[in-house]
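As they're listed, the protein sequences go chains D and P.
Position in the first sequence counted from 1, then plus 1049, gives you the working numbering.
Position in the second sequence counted from 1, then plus 3, gives you the working numbering.
Where is the CB? At the ideal position from N, CA and C, for every residue including glycine.
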Amino acid sequence: MSVPLEHVLLLSVAIFAIGLACALFRRKFLFILLGVEIMLNAAGLALVAGSAVWRNPEGQVFWMLLAAIAAAEVAVGLSLLIHLHRRRHSGDVDELRSLRG
Amino acid sequence: MHPVAFWIFAVTTLAALLLCVTRQNAVHAVLYLLGALLAVAAILFGLGAPLIAAWQVLVYAGAILVLFLFVIMTLAPVAPSQPRRMRALLGPGAIGAGILAGMVALVLLEPSDERGLTDYLLPPAELGRALFADAWIGVEAVSFLLLIAVVGAYWLGRREGDPEEPR
C-alpha cells in the first residue's frame, strides 16, 4: 500500500494556498517572505513527488535548484526588510508607496 | 510510504502552517514554520528522496529560518519572557507530537511490495550525477544568481552616508 500521486499533489496545493493567502493578506513584510517560502516548499514537494512517479531524478535536481533560488530570494528579501526598518522604522509594506530609489 | 504515516505528516504540516500564518509574534510564526518544514522533510524522505530530505532540514530549517530569526532579533529586541503558562505550550507540543507520531508510523508501517511511490529510491550518488553531469548549466545559472543575490544583499544592507562605502 502506498500513497497515490493525487494525495501528494492535494497536500502540495493546500500548502501553496496557505502560503499564497499569507503573502496576500498579511501586511507585514516578514510574513510576505514567509508566504513565499511556503509556496516554494509546496512546489518542491510536487517536484519530488513527480520524480518518484516517473522514476526520474530530474524532479529532485529541480528541487536543488529551487532551494538555491529560495536562498537567494530570502537573502535579498531580508536585506530589503532591514532597509525598510532603517528608512521607515516599521515592517509594514504599505509604507513602501514611493519606490523611487 | 504508508498512507497513515503520510497523512499524519500532512495534517501536522497543515496545522503548523495555519498556526504559522495567523501568529502576531514573528518569532512564534518562524518556529511554527520550522515544525511544518520538518514534517515536509519527512514526507520527502518517504517519497524516495533521502538526500533532498536532509537538504530540507539543513538548508530550509537550518540556514534560512535561522536567517529569519537573526533578522527579527536584530530589528526588534525580544521582550523579556513572562512566566510561561501550560496552555501556551499546547500548539508547539501538538506539532512536535504529530512529527513524532508520523516518524513512528513511518518506521513501524513498512511499505509492502506493491508498486507505488515507495519503491523508488534515488541514491545520492545518482542525484549528484544527474545534477552535475546533465543539469550543469542550471547549476551554473543558479550559482550566478546566488552571486547576484550576495551583491544585492550587501548593497541594500549598507549604511547610508558611511564615508568608507562607495556610493
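Residue i and residue j closer than 8 Å at C-beta
| i | j | result |
| --- | --- | --- |
| L50 (chain P) | M4 (chain P) | yes |
| L78 (chain P) | H1134 (chain D) | yes |
| L1096 (chain D) | A1119 (chain D) | no |
| L1060 (chain D) | G1093 (chain D) | no |
| L17 (chain P) | A1063 (chain D) | yes |
| R1075 (chain D) | V24 (chain P) | yes |
| A1117 (chain D) | L149 (chain P) | yes |
| I46 (chain P) | F12 (chain P) | yes |
| Q1109 (chain D) | A156 (chain P) | no |
| V43 (chain P) | Q59 (chain P) | yes |
| V14 (chain P) | G99 (chain P) | no |
| I151 (chain P) | E1086 (chain D) | no |
Beta-carbon proximity list for residue i, same chain, < 7 Å, skipping 5 on both sides
| i | result |
| --- | --- |
| R1137 (chain D) | E1144 |
| L20 (chain P) | A39 |
| L112 (chain P) | H5, V7, A8 |
| L1054 (chain D) | A1098, V1102 |
| V1142 (chain D) | R1076, F1078, I1081 |
Close beta carbons around residue i, own chain, < 8 Å, minus the five adjacent residues each side
| i | result |
| --- | --- |
| V1052 (chain D) | none |
Chain-order list of residues whose beta-carbon lies under 6 Å from that of residue i (same chain, five-residue window excluded)
| i | result |
| --- | --- |
| G94 (chain P) | L22 |
| Y63 (chain P) | L40 |
- Which residues, taken in chain order from the segment 26-46 of chain P, show a beta carbon closer than 9 Å to some beta carbon of chain D? So the close ones are R26, A29, A32, V33, L36, A39, L40, V43, I46.
- Interfacial residues, the segment 1061-1077 of chain D to chain P, with Cβ spacing under 8 Å: Within the segment 1061-1077 of chain D, the qualifying residues are A1063, I1064, I1067, G1068, A1070, C1071, R1075, K1077.
- Task: Please name the residues in the segment 58-84 of chain P whose beta-carbon is closer than 9 Å to at least one beta-carbon of chain D, in chain order.
- Result: The residues in question are W58, Q59, V62, Y63, A66, I67, L68, L70, F71, F73, V74, I75, T77, L78, A79.
- Query: Does the pairing of the segment 122-137 of chain P with the segment 32-41 of chain P give three or more beta-carbon distances under 8 Å?
  - Reply: Judged by Cβ distances under 8 Å, the segment 122-137 of chain P makes no contact with the segment 32-41 of chain P, as fewer than three pairs qualify.
- Query: Three or more beta-carbon pairs under 8 Å between the segment 1120-1134 of chain D and the segment 1075-1085 of chain D, yes or no?
  - Reply: Enough Cβ pairs lie closer than 8 Å, so yes.
- Task: Mind the definition here: the segment 1096-1113 of chain D touches the segment 133-152 of chain P only if three or more C-beta pairs lie below 8 Å; say whether that holds.
- Result: The segment 1096-1113 of chain D is in contact with the segment 133-152 of chain P.
- Residues from the segment 124-141 of chain P in contact with chain D, defined by Cβ distance under 7 Å: Taking a C-beta cut-off of 7 Å against chain D, the contacting residues of the segment 124-141 of chain P are L125, E129, L130, A133, L134, A138, G141, listed in chain order.
- Members of the segment 1124-1141 of chain D near chain P, C-beta cut-off 8 Å: Cβ proximity to chain P below 8 Å picks out A1124, V1125, L1127, S1128, L1129, L1130, I1131, H1132, H1134, R1135, G1140 from the segment 1124-1141 of chain D.
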